[in-house]
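This note's numbering puts the sequence shown at residues 33 to 567. A short write-up of the structure that comes next.
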Amino acid sequence: MKHYTMVMGDTYNSSQVFIVTILLLFFPVFYKILQLCLVYLRVPVKSSDGRRLSGELPNLPWGHFNQVNFFGRPLSKKHGSIYYLWNCLTPVIILADAKAIRAFYSDHYSHQREPDFTCLGAVFKDILGNCLATSHGRDEVKRCRGPFEKYFSSEAVYKTLKVLGRECKSFVESLPVGKPVDLQTAGLADVTLRALVHVVYGEDVLCTHFHRILQLSNLLQGAVDMLNVGETRLPFYSLLPTKANQKARRFNEAWDEFNRFLFKEYEEGRLSAGDGFFFGMMEQLKTHALEIDEREVCGKGHLSYYNAQNNRACCKVFAATSFALADLAQHKNIQDKVRREIDAILQGSDPSSHADLEKKLPYMEMVLKESARMHPALALSLPEKTVKQVTDLGGYQIPKGTPVCVDTHSLNFSEDYWENPDKFDPERFANGTKQVPGSFFRFGMGPRKCLGYRYAMAINRVVVASFLQKFSLELGQPSDLIRVKETGLFFFTPYLSPKIIFTSRNEKQTLIQPSSSGLMLENYRKSPVDKVVKK
């Protein structure tokens, strides 16, 4: 009996091993069949002559959008300038064709932007709620965008230049000289953040509560970092007691509490509005002078969106500025030419005192555009859904409700639009040269173009001109030219700017020793205006 039991046990174990072996051997076949079935059933996109659109096979179960980095150029070379990726079981059309991009943005008002942005999931929805970013339809976009547009006009940017110049000068003076500097850890993004805080809240809040805004930004970043988790794409995910949901709710509660605290301080006379628009807008809400409501401003909604936009803007402006400085450090002849232009035109004056730097410094403007072409801050635009029954994009018939993104990196390096695209050549943006419309994608297109693009360009110009007035630039390590980020969102550039060595142009200036650099950078984070208040 004992022998029989052992034989039966061995037979049972052998059967298990056999079944597992068969499953392991045939799983790749089953998986491939499932992928092909999904392509056949879920990608009905065909051209006018019946050709199917090419794209990647589904990356089950979460698709391609829960990765940290997006590299579009190999994909566009493989599939062409119009192809598709997957968000879970949903195909997302990717455009790297200028004509198709123009066609897509011709009815930009109507494009649907769902609260979860289709590819970002429930956490993003919980952070933003209903706001400008998720509005669609001409009337709704105007209702949400209208109250803010005057604060992002050319005139508003000009009024902020003095603050921007002050913040830039403070940062420049904090930099260690003669050693490689990582501009990200040094706090270059704080220059942008401080300028935007001044725009929204005014000088008093910038001086007394910037540390709190940094804490809120860190809370927001902690929640945003969870967006790459695939499970957040599940429709019921927001109902689960997960760490990602807890972080999103913690941010929303802190954000709402902070804004209400500020308005109470303002009402009781302890804060002045200054040039910031927040307090004036809150007063208008009390009298129902605006079509938006208080919840959209204080809690999840427009200001939550603007805080997210501030973080996004800081990332984008930091990327644009740091890569521009790195490009100048790499190309010494171009750096010298830009510096000569700055010295000749500005003659030592503060760049922030000039409202039209793009006109006064045309060669620097060409360099900034070329750097932005080669290092787009957004590798992929945020998805928007088509609303027509059929949308023709590059000859392909795209059905209603299909998410669409722009592959900026592939577009900016396409040989169809750029001669020698891998060469850093500012002259391609010289006066008289024309780019194919839609081939240079920086701030979006159409009526919902990035609201803060004027601030982004102004910050970029002032910072680069200020650096070149004071320093000579060189790369810390040539091998650092290609560094890939390890955290962050799929949509942002996959690359990190290299470290830069700053050498003072004033030969009499004493080099800062490494031991003092940390203290100087910490002093910048406090900023001169913070120190004045503490006194």
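Glycine included, each C-beta is placed from N, C-alpha and C at the ideal position.
1. Have a look at G380 and K531 and give me their C-alpha separation to the nearest angstrom.
2. Let me check understanding here. Comparing Cα to Cα, which of L252, S403, G427 lies closest to S80?
3. Is the beta carbon of F461 closer than 9 Å to that of K369?
4. How many angstroms separate the CA atom of F203 from the CA atom of S186?
5. For the stretch 214-226 against the stretch 179-194, are there 3 or more C-beta pairs whose distance is under 8 Å?
6. Check F149 in the structure and name its three-state DSSP category.
7. Between which two residues does the alpha helix (DSSP H) harbouring L251 extend?
8. Taking DSSP's pairing of strands, which residues face P27 in a bridge?
9. Which one of Q67, H230, E263, E506 has the shortest CA to CA distance from F311?
10. Thinking C-alpha only, which one of Q99, R515, W118 is nearest L68?
11. Assess, as a yes-or-no matter, whether the stretch 489-497 is touched by the stretch 510-520 under the definition of 3 or more beta carbon pairs within less than 8 Å.
12. According to DSSP, what are the bridge partners of S446?
13. Indicate the three-state DSSP secondary structure (helix, strand or coil) for S79 in the structure shown.
14. I'd like the list of long-range same chain contacts for K540, defined as Cβ closer than 8 Å, with 5 residues on each side in sequence excluded.
15. Where DSSP assigns a beta bridge to S504, which residues make up the other side?
16. Count Cβ pairs between the stretch 348-362 and the stretch 403-411 that sit closer than 8 Å; are there 3 or more?
17. Would you mind stating whether P20 and Y116 have Cβ atoms separated by less than 9 Å?
18. What number of angstroms, rounded off, separates the C-alpha of I51 from the C-alpha of S270?
19. Put D454 into one of helix, strand or coil per three-state DSSP.
20. Measuring straight from C-alpha to C-alpha, what distance separates A218 and F350?
21. How would you write the range of the alpha helix (DSSP H) that I374 sits in, first residue to last?
22. By how many angstroms is the C-alpha of P510 removed from the C-alpha of G210?
23. Report yes if the CB atom of S446 is closer than 9 Å to the CB atom of S471, and no otherwise.
24. Would you mind working out which of V189, T264, E205 sits nearest A227, comparing C-alpha positions?
25. Go to L303, then tell me how far its alpha helix (DSSP H) extends in each direction, as first and last residue.
26. Ends of the alpha helix (DSSP H) at I133?
27. Measuring straight from C-alpha to C-alpha, what distance separates I126 and C437?
28. DSSP three-state label for V213, please.
29. Identify whether T525 lies in helix, strand or coil by the three-state DSSP scheme.
30. Should T53 go down as buried or exposed, given a rule of 16 or more other Cβ atoms within 10 Å for buried?
31. CA-CA distance, K481 and F62?
32. Which whole-angstrom value describes the C-beta separation of P394 and S498, a residue pair presumed to lie in contact below a C-beta threshold of 8 Å?
33. Quick one: grab the DSSP three-state call for V422.
34. Rounded to a whole number of angstroms, what is the C-alpha to C-alpha distance between V100 and H241?
35. Among G104, T192, G112, which has the Cα closest to the Cα of E235?
36. Got a sec, what are the start and stop residues for the beta strand (DSSP E) L127 sits in?
The relevant details are as follows:
1. 26 Å
2. G427
3. The Cβ-Cβ distance between K369 and F461 does not fall below 9 Å.
4. 24 Å
5. Contact fails: fewer than three Cβ-Cβ distances are below 8 Å.
6. Since pLDDT at F149 reaches only 49, below the 50 mark, its modelled position is unreliable, and no value is offered.
7. 235-256
8. The requested residue 27 is not part of the displayed model; the chain covers only 33 to 567.
9. H230
10. W118
11. no
12. Paired residues: none, contrary to the question.
13. strand
14. Unreliable placement is indicated for K540, whose pLDDT of 37 sits below 50; the coordinate value is still reported in the next sentence. None.
15. T535
16. yes
17. Nothing can be reported for residue 20, as the shown portion of the chain is limited to 33 through 567.
18. 38 Å
19. In the three-state scheme derived from DSSP, where H, G and I count as helix and E and B as strand, D454 is classed as coil.
20. 11 Å
21. 364-378
22. 16 Å
23. yes
24. V189
25. Element bounds for L303: n/a, residue is neither H nor E.
26. 130-136
27. About 5 Å.
28. strand
29. coil
30. exposed
31. 44 Å
32. 18 Å between Cβ atoms; not a contact.
33. strand
34. 32 Å
35. T192
36. 122-127
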